[in-house]
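Q: Chain order of the listed sequences is A, B, C, D, E and F. The first sequence begins at 1 in the working numbering and counts up by one. The second sequence begins at 1 in the working numbering and counts up by one. The third sequence begins at 1 in the working numbering and counts up by one. The fourth sequence begins at 1 in the working numbering and counts up by one. The fifth sequence begins at 1 in the working numbering and counts up by one. The sixth sequence begins at 1 in the working numbering and counts up by one.
Protein chains: 6
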Amino acid sequence: MAVFDDIRSTRRSDFVNTFWRALANQPALLERTWSSIKQVMIEPGALDPLTKELIYVAVSAANNCSYCVHSHTAAARAKGLTEQQYAELIAIVGLASQTNALATALQIPVDPEFEMSQVPPARFPISDSAPRGE
Amino acid sequence: MAVFDDIRSTRRSDFVNTFWRALANQPALLERTWSSIKQVMIEPGALDPLTKELIYVAVSAANNCSYCVHSHTAAARAKGLTEQQYAELIAIVGLASQTNALATALQIPVDPEFEMSQVPPARFPISDSAPRGE
Amino acid sequence: MAVFDDIRSTRRSDFVNTFWRALANQPALLERTWSSIKQVMIEPGALDPLTKELIYVAVSAANNCSYCVHSHTAAARAKGLTEQQYAELIAIVGLASQTNALATALQIPVDPEFEMSQVPPARFPISDSAPRGE
Amino acid sequence: MAVFDDIRSTRRSDFVNTFWRALANQPALLERTWSSIKQVMIEPGALDPLTKELIYVAVSAANNCSYCVHSHTAAARAKGLTEQQYAELIAIVGLASQTNALATALQIPVDPEFEMSQVPPARFPISDSAPRGE
Amino acid sequence: MAVFDDIRSTRRSDFVNTFWRALANQPALLERTWSSIKQVMIEPGALDPLTKELIYVAVSAANNCSYCVHSHTAAARAKGLTEQQYAELIAIVGLASQTNALATALQIPVDPEFEMSQVPPARFPISDSAPRGE
Amino acid sequence: MAVFDDIRSTRRSDFVNTFWRALANQPALLERTWSSIKQVMIEPGALDPLTKELIYVAVSAANNCSYCVHSHTAAARAKGLTEQQYAELIAIVGLASQTNALATALQIPVDPEFEMSQVPPARFPISDSAPRGE
């Protein structure tokens with residue numbers, strides 16, 4: 001299977017984990033998902049590979065995906081995660097979950113100061129909605 | 001209030017955001033939460049401050065905490081987050097959520113290869129359970 | 001037990017899955033839950049039985065309920081789910097989770113155009129609040 | 001509308017909050033939901049009314065339901081919630097969310113000691129599966 | 001912008017909702033997400049377009065994504081969703097969330113009968129792991 | 001280890017469950033988490049110990065933390081939880097999850113009557129933002 005071959009050659013390993021095997025009967029989804037993983041996690045970017053994996057583990061833990069916590073913690077270790085970094089990652093995941101719950105339970109309104117930094121003008125090109133002539 | 005003063009001097013800013021004000025009537029919780037934030041997010045560690053904020057934003061988005069997404073995206077920008085890094089963070093949060101959902105919907109069993117890297121022996125000191133004499 | 005008998009006769013099967021057995025000690029909850037399932041999932045309505053199960057599986061996956069993903073995927077298969085339909089269901093669950101996460105991470109404001117279609121006037125009968133004389 | 005009348009007389013108040021109005025176009029769901037609320041939250045039981053509301057607020061916060069956090073915090077106040085009790089409720093919601101996230105991120109296996117207390121034999125009446133003769 | 005043009009021509013409408021505008025600064029993510037939406041939601045498949053939207057709304061509600069609940073409820077209405085179908089969708093989302101919570105709170109073990117139907121042999125092509133010769 | 005000793009003496013039991021062992025390699029997190037548990041769950045307060053555990057179980061179920069559902073259900077039993085109280089707890093967790101999902105799926109706006117009771121003036125001491133002179 002072409003995707004499996006690409007997984008193996010990209011990772012330089014014969015091991016194809018069950019996640020990908022489980023998608024084998026759904027070729028379009030397999031193709032699309034692997035292609036996204038390559039673009040987002042493997043192509044060089046502004047974040048280094050280990051940082052990307054830390055973010056992936058954090059999201060997987062918050063989403064309570066046992067499979068993904070396991071596979072991406074393993075991936076992070078393979079990319080050099082130290083015990084100290086792991087301890088700090090876990091501590092942040094726990095603390096953020098706590099303050100998330102506090103903010104939600106108290107229904108704290110967003111400070112106007114934060115609204116601004118969230119959405120830079122360029123991201124919502126309102127001008128685009130007007131002069132198009134198609 | 002002592003905690004508010006510490007927030008201001010630690011951050012070198014007069015601005016105390018609503019999250020902390022909302023805890024003002026619950027002094028023990030306010031004290032404990034701020035103390036944790038200082039230890040986890042501000043004390044120097046193995047992860048740099050910006051990486052910590054990226055993880056915080058990722059967890060907050062996965063937990064759907066609007067307040068925390070706003071406040072920690074602002075904090076990340078204040079620590080130098082570039083548009084390109086932000087774009088990559090968002091892409092990972094989205095992609096991880098997708099593969100989390102796929103793994104969950106398909107109930108994919110964890111590969112034995114991953115079990116090992118998740119729990120290093122040292123983390124579960126079983127020997128401790130035996131020889132204690134207290 | 002009356003509810004177990006009704007489950008068996010309604011489903012034309014002697015098999016009573018563990019979910020219902022686990023509620024056996026809580027008769028009111030068992031009765032209420034089964035009665036709701038019958039009304040919502042079994043009584044003929046505007047959605048066909050298979051479509052109902054697809055929605056049930058989708059919610060269960062998003063809520064990360066392993067038991068319910070298993071039991072309702074089995075129910076969907078029993079109602080004729082094909083491999084192709086299953087593949088599309090899984091793909092939608094994954095994609096929706098991704099765009100959910102993106103919209104949340106970016107804190108995208110709801111378009112005014114969507115507000116309207118969400119809440120048809122009839123659903124909030126404000127007039128009702130005025131002239132009641134009870 | 002009969003259900004609205006029952007809500008008013010049960011609560012001894014003319015106020016019918018938007019949640020119920022929003023279900024007005026779906027009579028079966030309105031009827032079923034109100035009937036469940038009456039059975040679970042209003043009928044006397046082993047837990048007192050305030051404790052029930054605390055649990056309801058806790059679940060609503062963990063599920064991130066802004067409407068329900070608001071409405072059930074109001075209900076708890078109406079049932080006598082003190083500021084001190086509220087502070088403790090919030091603290092537990094936050095702390096539980098933190099340890100939930102830690103246990104999930106670390107994928108900690110359940111102690112065998114806990115398995116037992118979770119599922120008392122009576123709750124899974126296995127004997128029922130054998131001798132039924134219906 | 002090419003993607004915006006494709007959105008407009010595919011939907012035969014000048015309206016481009018904010019979700020897509022919010023991704024305008026992240027071209028790779030915009031391109032990838034729209035391409036996935038087209039493949040999954042628009043290309044003809046085994047599920048009809050309205051059923052797909054029902055599943056999308058269900059996942060978005062379970063994931064508590066306000067934006068996506070709004071936009072996909074609107075999309076479902078545009079594809080012919082009737083009030084009766086909507087009422088049934090809402091009822092299933094509510095009921096599934098209840099039984100999800102019950103199964104989770106009670107930690108009900110999956111019936112062996114369900115394990116089988118979840119993972120058909122073909123989906124995990126174990127044979128593939130052996131004879132590859134790359 | 002000092003924290004383990006304190007766990008044992010506080011609980012008057014030699015048993016230290018895996019959650020704490022799993023944090024053994026992360027002393028600061030172990031210390032901080034146990035200290036929080038003592039303050040929130042063990043120190044006498046306005047809520048009795050059993051009520052606190054009920055809230056903890058409710059949050060853990062809503063957050064889908066299998067470990068914490070198990071450990072805190074066991075803790076609640078140790079503190080005297082009766083079968084009838086447990087049945088009511090489970091029923092509330094299920095019902096709240098249903099109405100949470102309904103309110104979210106219908107995007108019901110918060111009644112102005114509830115806004116008030118959520119945020120008592122004292123909790124947001126606005127006056128504090130003005131006259132500080134540090």
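All C-beta atoms, glycine included, are put in the ideal place defined by N, C-alpha and C. As the structure is a computational prediction, the values presented were derived from the model and not from experiment.
#1: Does Lys79 (chain A) come within less than 8 Å of chain B when only Cβ atoms are used?
#2: Just the chain D side, please: which residues come within less than 9 Å of Arg32 (chain C) by C-beta, in chain order?
#3: Out of curiosity, what's the CA-to-CA distance linking Asn17 (chain F) and Thr73 (chain C)?
#4: What do you reckon, are the CB atoms on Val3 (chain F) and Leu30 (chain F) nearer than 8 Å?
#5: Pull out every residue of the region 63-95 of chain A whose Cβ sits closer than 7 Å to any Cβ of chain B, in chain order.
#6: Return yes when the C-beta of Leu89 (chain D) is under 7 Å from any heavy atom of the ligand GDP, and no when it is not.
#7: Helix, strand or coil, according to DSSP, for Ala130 (chain A) in the structure here?
#8: Taking the beta carbon of Lys52 (chain D) as the centre, do at least 16 other beta carbons fall within 10 Å, making it buried, or is it exposed?
#9: Could you check where the alpha helix (DSSP H) with Ala78 (chain B) kicks off and where it finishes?
#10: Note down the Cα distance separating Gly94 (chain A) from Val40 (chain D), rounded to an integer number of angstroms.
#11: For a contact meaning CB atoms closer than 8 Å, what does Leu29 (chain E) contact in chain B?
#12: What residue range is occupied by the uninterrupted alpha helix (DSSP H) comprising Val16 (chain D)?
#13: Let me check understanding here. Comparing Cα to Cα, which of C:Lys79, C:Asp6 and C:Ala22 lies closest to Tyr86 (chain F)?
#14: If you measure from the beta carbon of Pro51 (chain A) to each beta carbon in chain D, is any gap under 8 Å?
#15: Please say whether Tyr67 (chain E) and Ala103 (chain C) have beta carbons closer to each other than 8 Å?
#16: For Ala76 (chain D), which residues of its own chain have a beta-carbon under 7 Å away from its beta-carbon, when the five flanking residues on both sides are left out?
#17: Quick one: is Gly80 (chain C) buried, meaning 16 or more other Cβ sit within 10 Å of its Cβ, or exposed?
#18: Specify the secondary structure class of Thr51 (chain B) as computed by DSSP and reduced to three states.
#19: Is the beta carbon of Ala105 (chain B) less than 8 Å from the beta carbon of Ala61 (chain C)?
#20: Can you grab the Cα-Cα spacing for the pair Pro120 (chain E) / Asn64 (chain E), in whole Å?
#21: Taking its Cβ as the centre, do 16 or more other Cβ atoms sit within 10 Å of Ser9 (chain B), making it buried, or is it exposed?
#22: Around the Cβ of Ile92 (chain A), are there at least 16 other Cβ atoms within 10 angstroms (buried) or fewer (exposed)?
#23: Reducing DSSP to helix, strand and coil, say where Asp158 (chain B) ends up.
#24: List, in order along the chain, the chain B residues whose C-beta lies closer than 7 Å to that of Ser109 (chain A)?
#25: Please list, in chain order, all residues of the same chain as Arg123 (chain D) whose beta carbon is under 6 Å from its beta carbon, the five residues on each side excluded.
#26: What's the C-alpha gap between Pro44 (chain E) and Ile108 (chain B)?
#27: Using the Cα positions of Ile42 (chain A) and Ser71 (chain A), report the straight-line distance between them to the nearest angstrom.
#28: Enumerate in chain order the residues of its own chain whose CB-to-CB distance from Ile7 (chain D) is below 7 Å, with the five nearest sequence positions on each side excluded.
#29: Thinking Gln98 (chain A) and Ile90 (chain C) are a contact (beta carbons under 8 Å), I'd like their distance in whole angstroms, please.
#30: I'd like the span of the alpha helix (DSSP H) that includes Gln85 (chain C), first residue to last.
#31: How many angstroms separate the CA atom of Arg11 (chain D) from the CA atom of Asp5 (chain D)?
#32: Is there a Cβ of chain A sitting closer than 8 Å to that of Leu106 (chain D), yes or no?
#33: Taking only beta-carbon atoms, is Asn25 (chain F) less than 8 Å away from chain A?
#34: Relative to the C-alpha of Glu115 (chain E), which candidate in C:Val59, C:Val69, C:Lys38 and C:Ala28 has its C-alpha closest?
#35: With a threshold of 16 other CB atoms inside 10 Å of the CB of Ser13 (chain D), please say whether the residue is buried or exposed.
A: So, from the data block:
#1: no
#2: Arg32, Ser35, Ser36, Gln39 and Val40
#3: 35 Å
#4: yes
#5: Asn63, Cys65, Ser66, Tyr67, Cys68, His70, Ser71, Thr73, Ala74, Arg77, Thr82, Gln84, Gln85, Glu88, Leu89, Ala91, Ile92, Val93 and Leu95
#6: Among the ligands in the structure shown, none appear at all, so the ligand GDP cannot be discussed.
#7: With a pLDDT of 33 at Ala130 (chain A), under the threshold of 50, the modelled position of this residue cannot be trusted; read the value that follows with caution. Ala130 (chain A) falls in the coil class under three-state DSSP.
#8: With 16 or more other Cβ atoms from the protein chains shown falling within 10 Å of its own Cβ, Lys52 (chain D) counts as buried.
#9: Counting along the chain, the alpha helix (DSSP H) containing Ala78 (chain B) begins and ends at Ser66 to Ala78.
#10: 33 Å
#11: Within 8 Å Cβ-Cβ: Ala87, Ile90, Ala91 and Gly94.
#12: Taken as a continuous stretch (DSSP letters only), Val16 (chain D) belongs to no alpha helix (DSSP H), as it is neither H nor E.
#13: C:Ala22
#14: In the sequence as displayed, the identity of residue 51 (chain A) is Thr instead of Pro. Not one chain D Cβ lies under 8 Å of Thr51 (chain A).
#15: yes
#16: Excluding positions up to five away in sequence, the list reads Leu50, Glu53, Leu54 and Val57.
#17: exposed
#18: Correct three-state label for Thr51 (chain B): helix.
#19: yes
#20: Note on Pro120 (chain E): pLDDT 46, under 50, position unreliable in the model; no value is reported.
#21: exposed
#22: It counts as buried.
#23: No answer is possible for residue 158 (chain B): the residues shown for chain B start at 1 and end at 134.
#24: Contrary to the premise, residue 109 (chain A) reads as Pro rather than Ser in this sequence. Per Cβ cutoff of 7 Å: Thr18.
#25: Low confidence applies to Arg123 (chain D): its pLDDT is 44, below 50, so where it sits in the model is not reliable, and the reading given next is rough at best. No residues qualify anywhere along the chain.
#26: 28 Å
#27: 15 Å
#28: Val16, Trp20 and Trp34
#29: Incorrect: roughly 33 Å between the Cβ atoms, too far for contact.
#30: Glu83 to Ala105
#31: Going by the C-alpha atoms only, they are around 10 Å apart.
#32: yes
#33: yes
#34: C:Val69
#35: The residue is exposed, with fewer than 16 neighbouring Cβ atoms inside 10 Å.
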